[in-house]
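K.L.:
Be aware that the sequence shown starts at 13, since it is given in this note's numbering, and climbs by one per residue.
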Amino acid sequence: MFQYVWLGITRMEVKMHEPVAFEGTLEPRAWPCFIDYSPLQPLIVLICVVIGSLGIAEEEQGVENVTVSNVDFTATSNGVRIKTWAKNSKSFARNIVFQHINMKMVKNPIIIDQHYCFYKPCPEQESGVEVSNVRYEDIHGTSSTDVAVKLDCSKEKPCTGIVMDNVNLALQLVNQLAQASCSNANGLANDVVIPFTPYIHGTSSTDVAVKLDCSKEKPCTGIVMDNVNLAFQLVNQPAQASCSNANGLANDVVIPFTPCLKRDILMT
Numbered sequence: 013m014f015q016y017v018w019l020g021i022t023r024m025e026v027k028m029h030e031p032v033a034f035e036g037t038l039e040p041r042a043w044p045c046f047i048d049y050s051p052l053q054p055l056i057v058l059i060c061v062v063i064g065s066l067g068i069a070e071e072e073q074g075v076e077n078v079t080v081s082n083v084d085f086t087a088t089s090n091g092v093r094i095k096t097w098a099k100n101s102k103s104f105a106r107n108i109v110f111q112h113i114n115m116k117m118v119k120n121p122i123i124i125d126q127h128y129c130f131y132k133p134c135p136e137q138e139s140g141v142e143v144s145n146v147r148y149e150d151i152h153g154t155s156s157t158d159v160a161v162k163l164d165c166s167k168e169k170p171c172t173g174i175v176m177d178n179v180n181l182a183l184q185l186v187n188q189l190a191q192a193s194c195s196n197a198n199g200l201a202n203d204v205v206i207p208f209t210p211y212i213h214g215t216s217s218t219d220v221a222v223k224l225d226c227s228k229e230k231p232c233t234g235i236v237m238d239n240v241n242l243a244f245q246l247v248n249q250p251a252q253a254s255c256s257n258a259n260g261l262a263n264d265v266v267i268p269f270t271p272c273l274k275r276d277i278l279m280t
């Protein structure tokens, strides 16, 4: 298995089943992306750009001041990824920039995974790695997974300073909207489309369609719901909302009733 780190890259193009086109140098090192073999080709690289795997050792050094710029991904196993072991750690990942990136049929275009575990059984712990000041700028294209942006951060040390600016990712299937998933992360979004939709309507397969389970120590604030209408998928069954330690505003119609949001128009 050949593994490399790319150094001094000014342009990179990554496509499934094809050689990596780049300008820069290669240096053999540990590389945390999977490499698979096929009888049809000598080597198939399921490549991604990964900051990790951090936190496998408690005293492991951190990673900082990294910029990944001008990359094209086609049909890859991940896009830009930060991953850490779910273990006690004093490590960190900070001051990282992913910018000017095109995605085409990419699984998990943007992902932070702080519950990574390769060897079973997995420890029932939260990651101690501190992820902070990560910027995603000018990232466009399509996702081959429903969730195009997944920020799965640690409860013990939530991700902070996450910034998304000019991000536009759509699901590659026609008429299907991409989704975003966010746990234990906070930051700022500027001009983000994943893609944008002016309303949230539909059915839920669970009784609770809206769940705001926030921290007692630091309650969620500034939550706004505008034109939300969700029903339980079973006929004649109303959906429910669960709300703890959150406050905000409900504009237009919000169904189901969400008690922690002040509302201008209320329908239940």
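We put the CB at the ideal spot given by N, CA and C, even for glycine.
Using 8 Å as the Cβ pair cut-off and three pairs as the minimum, do the segment 75-90 and the segment 127-143 touch?
P.N.:
They do not touch, by the three-pair rule.
K.L.:
For a test of the three-state rule: what should DSSP assign to Tyr148, helix, strand or coil?
P.N.:
Translated into the one-based positions of the sequence shown, residue 148 becomes position 136. Strand at Tyr148.
K.L.:
Specify, as a first and last residue, the run of the beta strand (DSSP E) that Ser195 falls within.
P.N.:
As a first step, residue 195 must be located in the sequence shown, where it is residue number 183. Segment 191-195, the beta strand (DSSP E) holding Ser195.
K.L.:
Let me check understanding here. Comparing Cα to Cα, which of His112, Arg147, Val240 lies closest to Ile94?
P.N.:
The residue given as residue 94 occupies position 82 in the sequence shown. Measuring from the Cα of Ile94, the nearest candidate turns out to be Arg147.
K.L.:
Expressed to the nearest angstrom, what Euclidean distance is found between the alpha-carbon atoms of Gly199 and Pro250?
P.N.:
To locate residue 199, count along the sequence shown from 1; it is residue 187. To locate residue 250, count along the sequence shown from 1; it is residue 238. Rounded to whole angstroms, Gly199 to Pro250 spans 34 Å at the Cα level.
K.L.:
Within the same chain, show all residues whose beta-carbon is closer than 7 Å to that of Lys167, passing over the 5 residues directly before and after it, in chain order.
P.N.:
Along the sequence shown, read from residue 1 onward, the residue named residue 167 stands at position 155. Excluding residues within five positions, the ones whose Cβ falls inside 7 Å are Glu138, Asn196.
K.L.:
Per DSSP, which residues does His213 bridge with? Please list them.
P.N.:
Sequence index remark: in the sequence shown, residue 213 carries index 201 (1-based). Answer is Asn241, bridged to His213.
K.L.:
Counting Cβ pairs closer than 8 Å, one from the segment 128-137 and one from the segment 148-162, do we hit at least three?
P.N.:
No, they do not touch.
K.L.:
Since Ile151 and Leu185 should fall inside the 8 Å C-beta cutoff, what is the C-beta to C-beta distance between them, to a whole number of angstroms?
P.N.:
Here residue 151 corresponds to residue number 139 of the sequence shown, with the count starting at 1. Here residue 185 corresponds to residue number 173 of the sequence shown, with the count starting at 1. Rounded, the Cβ-Cβ distance is 19 Å, inconsistent with contact.
K.L.:
Which word fits Thr96, buried or exposed, when buried means at least 16 other C-beta atoms lie within 10 angstroms of its C-beta?
P.N.:
Along the sequence shown, read from residue 1 onward, the residue named residue 96 stands at position 84. Its Cβ being crowded by 16 or more others within 10 Å, Thr96 is buried.
K.L.:
Output the distance between the C-alpha atoms of Ala258 and Phe269, rounded to the nearest integer angstrom.
P.N.:
Working through the sequence shown from its first residue, we reach residue 258 at position 246. Working through the sequence shown from its first residue, we reach residue 269 at position 257. Approximately 14 Å between the Cα atoms of the pair.
K.L.:
Mind checking which residues open and close the beta strand (DSSP E) that includes Gln111?
P.N.:
For this step, residue 111 is matched to residue 99 along the sequence shown. Unbroken beta strand (DSSP E) run through Gln111: 104-118.
K.L.:
Compare the beta carbon distance of Leu66 and Ser89 with 9 Å and say whether it is the shorter of the two.
P.N.:
If you number the sequence shown from 1, residue 66 lands on position 54. If you number the sequence shown from 1, residue 89 lands on position 77. No, these two residues do not count as a Cβ contact at 9 Å.
K.L.:
Starting from Val222, follow its DSSP beta bridges and name the residues at the other end.
P.N.:
For the purposes of this step, residue 222 is identified with residue 210 of the sequence shown, where counting begins at 1. In DSSP, Val222 forms a bridge with Ala253.
K.L.:
Which of helix, strand or coil does DSSP assign to Thr88?
P.N.:
In the sequence shown, counting from the first residue as 1, residue 88 sits at position 76. Coil.
K.L.:
Taking all protein chains shown into account, decide if Pro271 is buried (16 or more other Cβ within 10 angstroms of its Cβ) or exposed.
P.N.:
Numbered from 1 along the sequence shown, position 259 holds the residue referred to as residue 271. Burial call: exposed.
K.L.:
How far does the beta strand (DSSP E) with Gly173 in it extend, from its first residue to its last?
P.N.:
Position 161 of the sequence shown, counted from the start, is the residue given in the question as residue 173. Residues 171-183.
K.L.:
Would a C-beta distance cut-off of 9 Å place Gly74 and Ala105 closer than the cut-off?
P.N.:
Along the sequence shown, one-based indexing puts residue 74 at 62. Along the sequence shown, one-based indexing puts residue 105 at 93. Yes, these two residues count as a Cβ contact at 9 Å.
K.L.:
Consult DSSP for Thr96 and reduce its assignment to one of helix, strand or coil.
P.N.:
Stepping through the sequence shown from its first residue, residue 96 is reached at position 84. Three-state result, Thr96: strand.
K.L.:
Which value, in whole angstroms, describes the spacing of the CA atoms of Ser256 and Leu273?
P.N.:
Taking the first residue of the sequence shown as position 1, residue 256 is located at position 244. Taking the first residue of the sequence shown as position 1, residue 273 is located at position 261. Straight-line Cα distance between these residues: approximately 11 Å.
K.L.:
In terms of residues, what are the limits of the beta strand (DSSP E) holding Lys162?
P.N.:
As a working mapping, residue 162 is identified with position 150 in the sequence shown. Unbroken beta strand (DSSP E) run through Lys162: 159-164.
K.L.:
Which word fits Lys119, buried or exposed, when buried means at least 16 other C-beta atoms lie within 10 angstroms of its C-beta?
P.N.:
Counting from one through the sequence shown, the residue named residue 119 turns up at place 107. Buried, because 16 or more other Cβ atoms sit within 10 Å of the Cβ of Lys119.
K.L.:
Taking the alpha carbon of Lys99 as the reference point, which residue from Asp84, Thr215, Pro133, Ile122 has its own alpha carbon closest?
P.N.:
Taking the first residue of the sequence shown as 1, we reach residue 99 at position 87. Selected option, being the one with the closest Cα: Pro133.
K.L.:
Go to Gln73, then tell me how far its beta strand (DSSP E) extends in each direction, as first and last residue.
P.N.:
Indexing the sequence shown from 1 puts residue 73 at position 61. Looking at the DSSP string, Gln73 is not in any beta strand (DSSP E), and its letter there is neither H nor E.
K.L.:
Could you check which residue in Leu189, Met176, Ser216, Ser193 has the C-alpha nearest to that of Leu242?
P.N.:
As a working mapping, residue 242 is identified with position 230 in the sequence shown. It is Ser216.
K.L.:
Quick check on DSSP: helix, strand or coil for Gln126?
P.N.:
As a working note, residue 126 is residue 114 in the sequence shown. Gln126: strand per DSSP, three-state reduction.
K.L.:
Is DSSP giving Ser156 helix, strand or coil here?
P.N.:
Translated into the one-based positions of the sequence shown, residue 156 becomes position 144. DSSP places Ser156 in coil when its eight states are reduced to three.
K.L.:
Would you check if the distance between the CB atom of Lys162 and the CB atom of Ile123 is smaller than 9 Å?
P.N.:
What you label residue 162 is simply residue 150 of the sequence shown in a count that begins at 1. What you label residue 123 is simply residue 111 of the sequence shown in a count that begins at 1. Yes, they are a contact pair.
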